[in-house]
Amino acid sequence: MADPVSTSPAACVFCRIVAGEDEAAVVLETDDLIAFLDQRPVFRGHVLLVPREHVVTLPDLPAALRDPFLAAAQRIATAVVEGLGAQGSFVAMNNTVSQSVPHLHLHVVPRTKGDGLRGFFWPRQKYGDGERAEYAARLHAALA
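Numbering-wise (the working numbering), the sequence shown opens with residue 34 and increments by one.
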């Protein structure tokens with residue numbers, strides 16, 4: 034069983050982003066969902082999609098959010114191609130094991146043939162000055 038303190042909304046960094054208490058480069062917002070750039074992207078333009086409601090794993094996702102969650106994931110996967118020029122995307126989520134934040138989140142990672150990503154080894158990068166906002170703006174425009 035998960036530690037109740039680490040899974041509580043009060044201790045959750047994604048809940049703080051949803052509440053506007055922590056900064057994020059938001060690329061998509063709906064009444065139920067928010068998507069923003071990962072702070073430590075696999076590749077620039079790596080997006081995290083989360084429900085606004087504190088939900089820990091995919092099995093916990095309310096039925097009413099399943100279709101909107103997947104529909105938003107489809108839109109983001111399209112946006113990384115159209116807005117960033119990626120050839121495709123890697124879409125994934127962890128449930129508990131390897132879940133660095135105990136709040137359901139889906140990764141959409143832009144991919145290009147020969148980008149060096151192999152298996153589940155995810156080398157992390159950093160955004161340069163102004164790059165994070167630029168990538169967020171490009172994705173936001175593609176999702177509009």
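Where a beta carbon is used, it is the ideal one built from N, C-alpha and C, also for glycine.
Indicate the three-state DSSP secondary structure (helix, strand or coil) for H173 in the structure shown.
The sequence position of residue 173 within the sequence shown is 140, counting from 1. Three-state DSSP puts H173 in a helix.
Got a sec? Which residues, its chain only, sit under 8 Å from D36 by beta carbon, not counting five neighbours each side?
Position 3 of the sequence shown, counted from the first residue, corresponds to residue 36. Residue placement at D36 cannot be trusted, given a pLDDT of 44 that sits under 50; the coordinates are not used to answer.
Within 10 angstroms of the Cβ of R77, are there 16 or more other Cβ atoms? Answer buried if so, exposed if not.
Stepping through the sequence shown from its first residue, residue 77 is reached at position 44. With 16 or more Cβ atoms within 10 Å of its Cβ, R77 is classed as buried.
Taking the C-alpha atoms as reference points, what is the distance between F47 and M126?
Within the sequence shown, the letter at position 14 stands for residue 47. Within the sequence shown, the letter at position 93 stands for residue 126. The alpha-carbon atoms of F47 and M126 are separated by roughly 15 Å.
Can you have a look at A119 and say buried or exposed, based on whether 16 or more other CB atoms are within 10 angstroms of its CB?
One-based indexing of the sequence shown puts residue 119 at position 86. The residue in question, A119, is buried, as its Cβ has 16 or more Cβ neighbours within 10 Å.
When DSSP labels each residue in this structure, what does E164 get in the three-state scheme?
In the sequence shown, residue 164 corresponds to position 131, counting from 1. It is helical.
To the nearest angstrom, how far is it from the Cα of H138 to the Cα of V83?
Taking the first residue of the sequence shown as 1, we reach residue 138 at position 105. Taking the first residue of the sequence shown as 1, we reach residue 83 at position 50. Cα to Cα, H138 sits roughly 5 Å from V83.
Let's test the definition: count the other Cβ atoms within 10 Å of the Cβ of R165 and tell me whether it reaches 16, buried, or not, exposed.
The residue labelled residue 165 in the question sits at position 132 within the sequence shown. Buried.
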